[in-house]
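See below for the structure under consideration.
Structure, rendered in structure tokens:
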């Protein structure tokens with residue numbers, strides 16, 4: 004599970020080609036919450052940042068009981084910088100499909116996080132609060 008967690012969350016960080024410290028810190032924070040060895044996770048993050056794994060192939064091997072938690076982790080990592088970019092949405096959608104999760108669960112998970120954090124900027128969304136009169 005640890006390897007799948009790191010591979011998918013790091014791939015999420017790389018999806019928008021902007022690797023920020025907030026996203027990496029979020030991976031370690033989530034790992035701690037999942038009772039994973041944070042030192043092992045930190046080492047694996049450094050390794051995975053330079054590897055080109057197929058995130059979709061990895062997602063297809065995830066055990067049923069871990070699919071939702073991994074998808075939610077990837078969403079939280081994508082939103083860690085308070086921005087949601089089209090590349091991230093496309094990547095998350097591919098992972099969601101590879102995990103075999105329903106599209107509705109994917110949309111609701113993103114909507115829930117965005118609703119609870121009005122600071123999140125959604126690329127291409129002209130209704131963001133800072134753009135309203």
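Numbering (the numbering used here), first residue to last: 4 to 136.
Cβ coordinates follow ideal geometry from the N, Cα and C atoms, glycine included.
These numbers come from a predicted model, not from an experiment.
Spatially closest choice to residue i from the options, by CA coordinates
{"i": "residue 111", "options": "75, 103, 33", "result": "75"}
{"i": "residue 82", "options": "117, 127, 32, 39", "result": "117"}
{"i": "residue 102", "options": "16, 31, 45, 61", "result": "61"}
{"i": "residue 123", "options": "96, 100, 78", "result": "78"}
{"i": "residue 97", "options": "15, 24, 43", "result": "15"}
{"i": "residue 100", "options": "13, 125, 63", "result": "63"}
{"i": "residue 7", "options": "119, 65, 107", "result": "65"}
Limits of the alpha helix (DSSP H) - the one that residue i falls within
{"i": "residue 127", "result": "Unbroken run through residue 127: none, as it is neither H nor E."}
{"i": "residue 114", "result": "106-119"}
{"i": "residue 74", "result": "67-81"}
{"i": "residue 90", "result": "89-102"}
{"i": "residue 7", "result": "5-18"}
{"i": "residue 59", "result": "58-62"}
Within 7 Å, strictly: CB atoms of residue i and residue j
{"i": "residue 41", "j": "residue 34", "result": "yes"}
{"i": "residue 70", "j": "residue 104", "result": "yes"}
{"i": "residue 80", "j": "residue 26", "result": "yes"}
{"i": "residue 11", "j": "residue 67", "result": "no"}
Review point. Can at least three beta-carbon pairs, one atom from the stretch 46-62 and one from the stretch 79-90, be found at a separation below 8 Å?
Key: Under the Cβ criterion (8 Å, minimum of three pairs), the stretch 46-62 does not count as touching the stretch 79-90.
Check your understanding: Do the stretch 89-103 and the stretch 17-35 touch if we need at least three Cβ pairs shorter than 8 Å?
Key -> Because the criterion of three Cβ pairs below 8 Å is met, the stretch 89-103 and the stretch 17-35 touch.
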